[in-house]
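Worksheet for the structure shown next.
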Amino acid sequence: MLRTSSKRVFSKLRKCLPAIIKPGLLFVLALWLLVLGGCSGNANQKELPYLGRDEVVEKNGQKDTIPHRIDDFRFIDQDSNVVTPSTFEDKIYVADFFFTSCPTICPTMKKQMKRVYDKYKDNRNVALLSHSIDPAHDSVPVLKEYAQDMQVSSDTWHFITGKKDSIYGIAESYMVSAKEDQSAPGGFVHSGAFILVDKNRHIRGVYDGTSRKDVNQLMKDMEVLLKEEKS
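The working numbering numbers the first residue of the sequence shown as 780 and each following residue consecutively.
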């Protein structure tokens, strides 16, 4: 279990992740700030933390704890490919949540994620995963056009759609919120976070996807994680 009584940590976390985050998850994510020393992180970091509450598993009659792991999922991307955890086998990936008609933070998030794409599009050990939280509108053809407008390929960057409950459920596994809210601009609220996930589906970093500085740190941390995965 993670423990801290520092109000300053929670204040920093809210600054790093300005979009909607489940309040109870702030406590879990606080460890990230404590380890990295704030939104900017530590450029000399040798190993990234594991984020989330440990899970208890039983094997051969023995109980053990493992870091929080992203749940199983099955979605469809802009090229009608089925996307599951096996899609990211032996890869690290960055996940986020958006919708194509978003009038607020999504355009900035996609501009920043495009920077990550441009750097890693030829690296077969890296992938990007953007979940649409408006599946009623964001059909496969809509996502296809969106990806084409951004000039990106599903070889690296998957824009996915699926059942609404499944998408909102997987958001909780990534420790962020995504939901309908008719009072919000565009009718939805969602986190602006970019979530860095290792090849074993563990969360290793969370970053403000609207901040160029945070995304710079994300790319530095991706290099750390890529080296770790090779060792």
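All residues carry an ideal CB built from backbone N, CA and C; glycine is no exception.
DSSP-derived helix/strand/coil call for residue i
i: Y899; result: helix
i: E826; result: coil
i: D869; result: coil
i: I949; result: helix
i: K838; result: strand
i: R848; result: strand
i: D944; result: helix
i: D987; result: strand
i: D856; result: strand
i: A915; result: coil
i: V994; result: helix
i: V862; result: strand
i: V905; result: strand
i: D843; result: strand
i: D928; result: helix
i: D1000; result: helix
i: R782; result: Note on R782: pLDDT 31, under 50, position unreliable in the model; the coordinate value appears next. Three-state result, R782: coil.
Residue i versus residue j: straight-line alpha-carbon distance, rounded
i: L985; j: K838; result: At residue 985 the sequence reads Val, which differs from the Leu that was named. Rounded to whole angstroms, V985 to K838 spans 30 Å at the Cα level.
i: D858; j: A972; result: 25 Å
i: R980; j: K942; result: 21 Å
i: R848; j: K898; result: 26 Å
i: Y947; j: V905; result: 24 Å
i: D843; j: F877; result: 36 Å
i: D913; j: P882; result: 13 Å
i: P886; j: K958; result: 18 Å
i: S1010; j: D869; result: 13 Å
i: M929; j: D833; result: 38 Å
i: F744; j: A950; result: An answer regarding residue 744 cannot be provided, because it is not within the stretch 780 to 1010 covered by the chain.
i: K893; j: Q927; result: 13 Å
Cβ pair residue i, residue j closer than 8 Å
i: D850; j: S952; result: yes
i: D875; j: S918; result: no
i: I871; j: E1008; result: yes
i: Q841; j: T989; result: no
i: D993; j: D1000; result: no
i: L1004; j: L827; result: yes
i: S880; j: H916; result: yes
i: L907; j: H937; result: yes
i: T735; j: L922; result: The chain is shown from 780 up to 1010; residue 735 falls before or after that span and cannot be answered.
i: F867; j: S945; result: no
Buried or exposed by the 16-neighbour rule on C-beta atoms within 10 Å, applied to residue i
i: G831; result: buried
i: Q996; result: buried
i: V895; result: buried
i: S933; result: buried
i: V931; result: buried
i: D901; result: exposed
i: K889; result: buried
i: R983; result: buried
i: S911; result: buried
i: D977; result: buried
i: D856; result: buried
i: V862; result: buried
i: K825; result: exposed
i: S778; result: Lying outside 780 to 1010, the shown extent of the chain, residue 778 is not represented and no answer is given.
i: V835; result: exposed
3 or more residues per run - each beta strand (DSSP E) lying fully within the stretch 953 to 981: Correct list: 957 to 959, 967 to 969 and 972 to 976.
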